[in-house]
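A.B. asks: One structure follows; several queries about it will come next.
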Amino acid sequence: MKLRALIAGLSAVALAFTAGCGGDDGDDTKDVEVFTWWADGSEKAGLDALVAEFNKQHPDLNFVNGAVAGGAGSNAKNVLASRLQQQDPPSTFQAHAGAELLDYIEANQIQDISALYEEYGWNDVFPKDLIELLTVDGKIYSVPSNVHRANVVWANPEVLKKANIGEEPAKDLDEFIDQLEKLKKAGVDTPLSIATDWTQVHLLETVLIADLGPEKYIGLWDGSTKWDGPEVRKAIDHYATLLSYTNTDRQNLDWPDATKMVIDGKAAFNIMGDWAEAAFQEADKEWGKDYITYPVPGTDGVFDFLADSFTLPVGAKNEEGTKAWLQTVGSAEGQKAFNIKKGSIPARTDANPDDYGEYQKTAIESYKNDTIVPSLAHGAAASVKWSTAITEAVSSFSANKDKAKLIDALVKAAEDNQKKQ
Amino acid sequence: MFTRIRSWGPPVLLIAPTLILLGIFVYGLIGAGVWTSLTDNVRGQTTGTVGLENYENLFNDDTFVYSLRNVAMYTGAFVAGTLFFGFLWAWLLERGARGEGIFRAVYLFPMAVSFVASGVVWRWLLNSNTGEQASGLNRLLDMVGLGFLQGQWWTHEGWGILAIAMPAIWQLSGYVMALFLAGFRGIPEELREAARVDGATEWQLYRHVLFPQLSPVALSAVIIIGHMSLKVFDLIMAVAGQTNYTTQVPGTQMWLKYTSGEWAEAAAIGTVLLLVVAVLIVPYLISTYRAERRR
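Protein chains in written order, with full-length UniProt numbering: chain A, 1 to 421; chain B, 1 to 295.
Structure representation (structure tokens):
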């Protein structure tokens, strides 16, 4: 008797499971699930503003927030990988524009959306350099929503005064290193502040751009520049010297800690992407007075870019809804709503600078005129696998300061990447 | 026929749900993991098996070998440290220290804190700045005049991993103490009295009467702490982060490989880890099984 009850119970549970799996597979859904890692702070505020614009442009569709928080996106990427694996893609997902998309393209998980670029005239409003970097075999797979600049020096003029250094930027890395030496002699313990692994990769990439120039730097990623050539060796020398002027507790810190050292006057310089602007704003600092910014010495006229973008996954439910979302993301209104809140700049070049803050105006200006190169530390230049291998090599260098070993590891990382393709 | 089913049917039915669940979610998935490690699976895309190539790659990879060395050092320090402090505290309490209940709670309490929570605090305590800008432990050492003890902690390439063992020892020593305390309590008072009557010195009493009685407890402690230690992941993620070189262990390597899409290599690391833990656990299981049979 009891046994029969048990079996009945078990089958009820089993039924419930199958019913659960079979639910909501309808094709005529109005839901658009947008998968991001924008879960709090200025990123959440930006997303909210973008959603408001989306609801205005497409009142018949229903936005569903699929944000996964934590780990600067690495949690979200792992969740996404398993969802794509199980053929259960969201309507659209956030991904760094550029090489990070290659993994998805190779696995045939996202669709070509060049047609949308034609339809909405995006080929004319996004800069040519950017379109070139986004194009893979003549196809474009994502719409950039916002752009950040990575090669920015943030400096505290008060601290610079201690070593009689003016507010004009150094003209190249050698002069920059002289300045660091002067600061050290003037009693500044940390002339250049830096934080954990990826911020070191970030510094290395700007040094590479400075020593190689934009063309050869881009060549590193398509195989036309050698990783053990004389320019790279010179860059590694510069990088090692720069690292010797940084705080010894770098591995213990994350980027806000390093940026805060400049805000608090404990360090003179910090090299960080322009999301640091939000940290200066939060501390009520005034651009041009309490802090100054300029491109990393040697990279003037180069815009080291990274961008978030949205995709059209293969097998997305409600493909029309996804296209509507992409249209809003690419529209002038959508980009304005999002970027003013997030503190980045729009990927479109037809933005009105007057809508943005003081620092952002300079970024918009350079974005329009400078050569655009892809950032390594932020997924634009190399696949996730490649940039992880480089990050591990740079982290190892932070502990052992072995230049030869670093170059070997960089060469090997590039070779491994070639092998896969 | 029917009576036989009646006799073994109900027990089988009763254990069937757990057997099925374990079969699928533990042994089935172990099988799937091992299988994945033999393929060229990248982000779920695979073209077939590649034999032991992933394992070859792993053992030719300096970073992975370094991570194995790290986990071996970490396990040594972690096991030795917790056994030492655990035994010391248990011994002190057993000798009738006043306020035993309070001390027991005080020592056992760190175990209630998660590795992630304590890791965040230890990340700050183990700041590697020295001299003027020192903070955390280095600052403390400086203040009490032990400045020469300041160190790089976990950022040191050779010994860094031992710094991670410090929070782990701090957290688990109380647990080992509880194990030993239970061991001490399990030894009948008559045994000690008999030894004393026979004229044993205090040392002889410990050496020949108490230690042999405590050795099964010590073995359990080694097994429990040892297998926890080999699988270390959360503590390192909280203290040092995933890509930090000096604290790489197989757990973090597996996560990194998985994140960068190398699912097959990640599975291979998981399999290596399983084998290493098995080397520790299986002999223990066999010996307890034999001991139970003998009884």
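Ideal Cβ positions, reconstructed from N, Cα and C, are used throughout, including at glycine.
(1) In chain order, what residues of the segment 244-264 of chain A put their CB closer than 8 Å to some CB of chain B?
(2) Have a look at B/287, B/256, B/251, B/288 and flag the residue whose alpha-carbon is nearest the alpha-carbon of residue 272 of chain B.
(3) Given that a residue counts as buried once 16 or more other Cβ atoms are within 10 Å of its Cβ, and exposed if not, what is residue 261 of chain A?
(4) Please list, in chain order, the residues of the segment 304-330 of chain A that have any C-beta partner in chain B closer than 9 Å.
(5) How should residue 25 of chain B be labelled, buried or exposed, when 16 other C-beta atoms within 10 angstroms of its C-beta is the threshold for buried?
(6) Use the C-beta contact count for residue 329 of chain A: other C-beta atoms within 10 angstroms, 16 or more gives buried, fewer gives exposed.
(7) Would DSSP call residue 123 of chain A helix, strand or coil?
(8) Could you pull the DSSP bridge partners for residue 142 of chain A from this structure?
(9) Output, in chain order, the set of chain B residues within a Cβ distance shorter than 8 Å of residue 85 of chain A.
(10) Measure how close the beta-carbons of residue 173 of chain B and residue 82 of chain B come, nearest whole angstrom, since I'm counting them as under 8 Å.
(11) Bridge partners of residue 270 of chain A, per DSSP?
(12) Under 7 Å Cβ to Cβ from residue 301 of chain A, same chain only, skipping five residues before and after it: list those, please.
(13) Could you check which residue in A/149, A/391, A/363, A/58 has the C-alpha nearest to that of residue 412 of chain A?
(14) Taking the alpha-carbon of residue 319 of chain A as reference, which of A/66, A/61, A/234, A/51 has the nearest alpha-carbon?
(15) Determine contact between the segment 154-173 of chain B and the segment 227-236 of chain B, defined as no fewer than three beta-carbon pairs at a distance below 8 Å.
(16) Could you spell out the range, first to last residue, of the alpha helix (DSSP H) harbouring residue 55 of chain A?
(17) Does the beta carbon of residue 123 of chain B come closer than 8 Å to any beta carbon on chain A?
(18) Have a look at residue 146 of chain A and residue 112 of chain B and give me their C-alpha separation to the nearest angstrom.
(19) Give the interface partners of residue 256 of chain B over in chain A, defined as CB-CB distance under 7 Å, in chain order.
(20) Drop a sphere of 10 angstroms on the beta-carbon of residue 244 of chain A, count the other beta-carbons inside from all chains shown, and report buried for 16 or more, exposed for fewer.
(21) Compute the beta-carbon to beta-carbon distance between residue 74 of chain A and residue 259 of chain B, rounded to the nearest angstrom, for a pair I have assumed lies under 8 Å.
(22) Looking only at DSSP bridge pairs, what is residue 96 of chain A linked to?
(23) Is residue 148 of chain A helix, strand or coil by DSSP?
(24) Who are the near neighbours of residue 33 of chain B in its chain, counting only those whose CB is closer than 7 Å to its CB and skipping five residues on each side?
(25) Against residue 240 of chain B, what residues of chain A qualify as contacts under a CB-to-CB distance less than 8 Å, listed in chain order?
(26) Specify, as a first and last residue, the run of the beta strand (DSSP E) that residue 294 of chain A falls within.
(27) Mapping the DSSP letters down to three states, classify residue 164 of chain A as helix, strand or coil.
(28) So that I know if they touch, is there some Cβ in chain A lying closer than 8 Å to that of residue 246 of chain B?
(29) Give, in chain order, every residue of the segment 261-279 of chain B whose Cβ lies closer than 7 Å to some Cβ of chain A.
(30) Residue 210 of chain B: which of B/185, B/31, B/5 sits nearest, CA to CA?
(31) Under 8 Å, CB to CB, which of the residues in the segment 63-75 of chain B have a partner in chain A?
(32) With distance defined between alpha-carbon atoms, name the residue in B/89, B/116, B/66, B/39 nearest to residue 105 of chain B.
(33) Please confirm if residue 157 of chain B has its CB atom under 8 Å from at least one CB of chain A.
(34) Consult DSSP for residue 374 of chain A and reduce its assignment to one of helix, strand or coil.
C.D. replies: On the basis of the supplied data:
(1) Listed by position, the residues of the segment 244-264 of chain A near chain B (Cβ gap below 8 Å) are 247, 248, 249, 251, 252.
(2) Start at 1 with the first residue of the second sequence, and residue 272 of chain B comes out as number 272. Among B/287, B/256, B/251, B/288, the Cα nearest to that of residue 272 of chain B is on B/251.
(3) In the first sequence, residue 261 of chain A corresponds to position 261, counting from 1. By the 10 Å Cβ count, residue 261 of chain A comes out buried.
(4) none
(5) Along the second sequence, one-based indexing puts residue 25 of chain B at 25. Burial state of residue 25 of chain B is exposed, judged by a 10 Å Cβ sphere holding fewer than 16 other Cβ atoms.
(6) Working through the first sequence from its first residue, we reach residue 329 of chain A at position 329. Residue 329 of chain A is buried by the Cβ-count criterion.
(7) In the first sequence, counting from the first residue as 1, residue 123 of chain A sits at position 123. Looking at residue 123 of chain A - three-state DSSP - the assignment turns out to be helix.
(8) Taking the first sequence and counting its residues from 1, one reaches residue 142 of chain A at position 142. A/311, per the DSSP bridge assignment.
(9) In the first sequence, residue 85 of chain A corresponds to position 85, counting from 1. Among the residues of chain B, those whose CB is under 8 Å from the CB of residue 85 of chain A are 43, 44, following chain order.
(10) Position 173 of the second sequence, counting from 1, holds the residue named residue 173 of chain B. Position 82 of the second sequence, counting from 1, holds the residue named residue 82 of chain B. Yes, residue 173 of chain B and residue 82 of chain B are in contact; Cβ-Cβ is about 5 Å, under 8 Å.
(11) Residue mapping note: residue 270 of chain A aligns to position 270 of the first sequence, counting from 1. DSSP, once it has assigned bridges, lists A/154, A/193 as partnering residue 270 of chain A.
(12) Stepping through the first sequence from its first residue, residue 301 of chain A is reached at position 301. Around residue 301 of chain A: 370, 371.
(13) Within the first sequence, the letter at position 412 stands for residue 412 of chain A. Closest option to residue 412 of chain A, Cα to Cα, is A/391.
(14) The residue given as residue 319 of chain A occupies position 319 in the first sequence. Considering only alpha carbons, the answer is A/61.
(15) yes
(16) On the first sequence, residue 55 of chain A is found 55 positions in, with the first residue counted as 1. Element bounds for residue 55 of chain A: 41-57.
(17) Indexing the second sequence from 1 puts residue 123 of chain B at position 123. So yes, residue 123 of chain B belongs to the interface.
(18) To locate residue 146 of chain A, count along the first sequence from 1; it is residue 146. To locate residue 112 of chain B, count along the second sequence from 1; it is residue 112. Residue 146 of chain A and residue 112 of chain B have their C-alpha atoms roughly 44 Å apart.
(19) Indexing the second sequence from 1 puts residue 256 of chain B at position 256. Within 7 Å Cβ-Cβ: 388.
(20) Here residue 244 of chain A is taken as the residue at index 244 of the first sequence, counted from 1. Result: exposed.
(21) As a working note, residue 74 of chain A is residue 74 in the first sequence. As a working note, residue 259 of chain B is residue 259 in the second sequence. That belief holds up - the Cβ atoms of residue 74 of chain A and residue 259 of chain B are roughly 6 Å apart, short of 8 Å.
(22) Position 96 of the first sequence, counting from 1, holds the residue named residue 96 of chain A. Residue 96 of chain A is bridged to A/308.
(23) Taking the first sequence and counting its residues from 1, the one referred to as residue 148 of chain A is at position 148. Strand at residue 148 of chain A.
(24) Walking along the second sequence from the start, residue 33 of chain B turns up at place 33. Taken in chain order, the residues that qualify are 267, 270, 271.
(25) Locating residue 240 of chain B in the second sequence gives position 240, counting from the first residue. Those within 8 Å of residue 240 of chain B in chain A are 251.
(26) Taking the first sequence and counting its residues from 1, the one referred to as residue 294 of chain A is at position 294. Run containing residue 294 of chain A: 292-295, per the beta strand (DSSP E) assignment.
(27) Reading the first sequence from its first residue, position 164 is the one you call residue 164 of chain A. In this structure, residue 164 of chain A counts as coil in the three-state DSSP scheme.
(28) Numbered from 1 along the second sequence, position 246 holds the residue referred to as residue 246 of chain B. Yes, because at least one Cβ of chain A sits closer than 8 Å to the Cβ of residue 246 of chain B.
(29) The segment 261-279 of chain B vs chain A, Cβ under 7 Å: 261, 262.
(30) Here the question's residue 210 of chain B lines up with position 210 in the second sequence. For residue 210 of chain B, the nearest C-alpha among the options comes from B/185.
(31) 63
(32) In the second sequence, the residue the question calls residue 105 of chain B occupies position 105. Closest by alpha carbon: B/89.
(33) Counted from its first residue, the second sequence places residue 157 of chain B at position 157. So yes, residue 157 of chain B belongs to the interface.
(34) In the first sequence, counting from the first residue as 1, residue 374 of chain A sits at position 374. Reduced to three states, the DSSP call for residue 374 of chain A is strand.
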